[in-house]
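Heads up, this note's numbering is the position in the sequence shown plus 32, with the first residue counted as 1.
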Amino acid sequence: MHTPSTLSSLEKFLHGKVMHGVIIGLVLLNGLLLGLLTDSEIAASHGILLQNIDNGIITVFVIELLIRFAATKERFFKRGWNIFDTIIIGTSVGALWLNFQSLEIIRVMLLFRIVEFSPDMRRVIDAIKRAALGIVNTGLLLAIIFYIFSVSATYLYGKTAPDTFGNIGTSLFTLFRLMTFDNLGDIMNPIMKVYPYSGLFFLVFLALTAFSVLNLLIGVVVQAMQDATDAVEKAEEKKKETK
33 MHTPSTLSSL EKFLHGKVMH GVIIGLVLLN GLLLGLLTDS EIAASHGILL QNIDNGIITV
93 FVIELLIRFA ATKERFFKRG WNIFDTIIIG TSVGALWLNF QSLEIIRVML LFRIVEFSPD
153 MRRVIDAIKR AALGIVNTGL LLAIIFYIFS VSATYLYGKT APDTFGNIGT SLFTLFRLMT
213 FDNLGDIMNP IMKVYPYSGL FFLVFLALTA FSVLNLLIGV VVQAMQDATD AVEKAEEKKK
273 ETK
């Protein structure tokens, strides 16, 4: 039976710099091995060795996860990263036992564990969570603009340029290419030869998407990043005040 002092020592060990360094190293090695195994020549000559090393790393992750659970018990599932680790490691073990190669690709997601040990990366994730609603709303606005212009472009230019605006699907893809400035001339020039004022249509679309909505999206993320940084700084100040 584990005593409270033993469990406390285990928890301190798991959150220590040495253990963090070991886990990060194993996570990076696991990702490297999965990348090497995608090469058919390397897989043919060293596949068994690399697979055994990879299986050993998964075993270490399972042991570390069990120790973490024993040390924290009821607090274990209150932490999001613990749930993430349980799902990914559990799926990896299931893929090994059942020999489901399609599930093995999930193991590459273990690279996200690096975020768990990096305060700066966690701050970025926190900023993304804070910006989620703004991103969704901006995405909906962008989708509405795309739909309006794709329908309009299909009606206006579908017969002239069926390859690019023949239907709503191709129009959506073409407008996306326009927003990313992919071969603007190849898309616009054939239409502008027939409809000289069509350039105004595309200019308005680019102004609304590439120059307005996308910049708005960047602004939402930047503001969320600033809010996350401020929250961390306030939390650190409170810790200093309580000491």
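For every residue, glycine included, the Cβ atom is placed at its ideal position computed from N, Cα and C.
Predicted, not measured: the structure shown is a model, and the values here were computed from it.
Glu148: buried (16+ other C-beta within 10 angstroms of its C-beta) or exposed?
Burial call: buried.
So, are the CB atoms of Leu173 and Asn62 less than 8 angstroms apart?
Contact: no.
Report the CB separation of Leu60 from Arg100 in whole angstroms; it is logged as a contact under 8 angstroms.
Not confirmed; about 20 angstroms, so no contact.
Please report the distance separating the alpha-carbon of Phe93 from that of Leu128.
Going by the C-alpha atoms only, they are around 14 angstroms apart.
Expressed to the nearest angstrom, what Euclidean distance is found between the alpha-carbon atoms of Phe197 and Phe234?
The alpha-carbon atoms of Phe197 and Phe234 are separated by roughly 13 angstroms.
Could you check where the alpha helix (DSSP H) with Gly88 kicks off and where it finishes?
Looking at the DSSP string, the run of the alpha helix (DSSP H) that includes Gly88 is Ser72 to Thr104.
Below 7 angstroms CB to CB, which residues in the same chain sit around Ser155 once its five sequence neighbours on both sides are set aside?
The residue asked about is misnamed: residue 155 is Arg in this sequence, not Ser. Closer than 7 angstroms at Cβ, skipping near neighbours: Ala260, Thr261 and Val264.
Once DSSP output is grouped into helix, strand and coil, what is the label at Ser150?
Note: Ser150 maps to coil in three-state DSSP.
Rounded to a whole number of angstroms, what is the C-alpha to C-alpha distance between Leu165 and His52?
Their Cα atoms are separated by approximately 33 angstroms.
Give the secondary structure of Asn62 by DSSP, where H, G and I count as helix, E and B as strand, and everything else as coil.
Helix, per DSSP.
Looking at the secondary structure, which residues open and close the alpha helix (DSSP H) in which Asp195 lies?
Unbroken alpha helix (DSSP H) run through Asp195: Pro194 to Phe197.
Return helix, strand or coil for Leu69, following the three-state DSSP convention.
Leu69: coil per DSSP, three-state reduction.
Helix, strand or coil for Arg209? Go by DSSP, reduced to three states.
Here Arg209 sits in helix by DSSP.
Within this structure, are the beta carbons of Ile56 and Ile146 separated by less than 8 angstroms?
Result yes, Cβ atoms of Ile56 and Ile146 sit closer than 8 angstroms.
Less than 8 angstroms between the CB atoms is what I'm expecting for Leu204 and Phe178, so what's the real figure, rounded?
Yes, they are in contact, since the Cβ atoms of Leu204 and Phe178 sit about 6 angstroms apart, within 8 angstroms.
Alpha carbon to alpha carbon, how far is Arg209 from Ile200?
Distance between the alpha carbons of Arg209 and Ile200 is about 14 angstroms.
Would you tell me roughly how many angstroms separate the C-alpha atoms of Arg162 and Asn221, rounded to the nearest one?
Each residue's alpha carbon lies about 42 angstroms from the other.
Going by C-alpha distance, which of Gly122, Ile160, Ala76 and Phe116 is nearest Phe144?
Taking only the C-alpha atoms, the option nearest Phe144 is Phe116.
Out of Asn87, Leu58, Lys191 and Val54, point me to the one whose CA is closest to Ile223's CA.
Per the Cα distances, Lys191.
Under 6 angstroms Cβ to Cβ from Met211, same chain only, skipping five residues before and after it: list those, please.
Counting only Cβ-Cβ distances below 6 angstroms, and skipping sequence neighbours, we find Thr241 and Ala242.
Between Leu64 and Gly48, what straight-line distance do the alpha-carbon atoms span, to the nearest angstrom?
Leu64 and Gly48: Cα-Cα distance of roughly 24 angstroms.
Relative to the C-alpha of Gly251, which candidate in Trp113, Gln83 and Ile167 has its C-alpha closest?
For Gly251, the nearest C-alpha among the options comes from Ile167.
Of the residues Ser41, Met153, Ser124 and Lys44, which one's Cα is nearest the Cα of Asn87?
Per the Cα distances, Ser124.
Restricting to Cα atoms, I'd like to know which of Ala76, Ser77 and Gly122 is closest to Leu98.
Ranking Ala76, Ser77 and Gly122 by Cα distance to Leu98 puts Gly122 first.
Using a Cβ-Cβ cut-off of 8 angstroms (strictly less than) and excluding sequence neighbours within five positions of Leu69, which residues of its own chain qualify?
Correct list, in chain order: Ala75, Gly79, Leu82, Gln83 and Asp86.
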